[in-house]
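The UniProt record's numbering applies: residue 1 is where the sequence shown begins, and numbers increase by one. Quick reminder that beta carbons are idealized off the backbone N, C-alpha and C, glycines included. In this text, all values refer to a predicted model and were calculated from it rather than measured experimentally. Here's the structure, in structure tokens; my notes come after.
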Amino acid sequence: MGDNRYTLRRSNPYHTLRNRAVPVRTPGNRLVAQYITKRAKGMICAETGKPLAGIRHLTTNKLRRMKKHERTVSRPYGGVFCGEVVKERIITAFMEEEARAAQEKKEQAEKKAAHDAKRKGK
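Next comes the structure, spelled out in structure tokens:
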């Protein structure tokens with residue numbers, strides 16, 4: 001019966017979440033330790049808390065080394081807010097702008113009507 005023992009390659013002997021290793025058999029029939037990296041959580045939307053689509057789940061150190069177009073999504077607030085939030089913000093801003101324009105138009109019409117009434121009275 002074969003020997004199933006293997007030695008850890010790093011100096012930390014404790015079985016912690018960060019120091020997990022699995023035995024892997026090499027082509028030379030030796031057992032060596034293969035270290036497992038922790039899985040990254042992934043980016044989440046700052047407003048809704050949902051995971052962002054189109055962005056890979058990597059650790060911050062690996063994300064830092066990636067190109068910018070790999071870290072974000074090509075739209076305003078890409079990589080910060082999800083598409084639903086951006087869509088809602090665009091619609092809200094448009095409606096506010098339309099309401100403001102309608103209010104200004106109404107005020108100008110009232111001003112013109114008052115001015116015309118004043119001129120008629122003379």
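query	result
Under the three-state reduction of DSSP, which class applies to R30: helix, strand or coil?	coil
Between the beta-carbon of T72 and the beta-carbon of A33, is there less than 8 angstroms?	no
For I44, I'd like the list of residues in its chain whose CB is within less than 7 angstroms of its CB, leaving aside the five on either flank, ordered along the chain.	K50, P51, L52
What number of angstroms, rounded off, separates the C-alpha of G4 from the C-alpha of T26?	Reading off the sequence shown, one finds Asn at residue 4, where the question assumed Gly. For N4 and T26, the distance between alpha carbons rounds to 13 angstroms.
Just checking my contact of A46 with V80 at CB under 8 angstroms: how many whole Å lie between their CB atoms?	5 angstroms
Just to confirm, are K38 and L17 a CB contact at a threshold of 8 angstroms?	yes
Taking the continuous alpha helix (DSSP H) assigned at R71, which residues delimit it?	68–71
Whole angstroms is fine: what's the gap from N61's alpha carbon to A102's?	50 angstroms
Going along the chain, which unbroken runs of the alpha helix (DSSP H) with 4 or more residues stay wholly within the UniProt region "Disordered" (102–122)?	none
From H115 to E104, what does the alpha carbon distance come to, in whole angstroms?	16 angstroms
Quick one: grab the DSSP three-state call for R75.	coil
Of the residues P23, G28, Y35, which one's Cα is nearest the Cα of R10?	Y35
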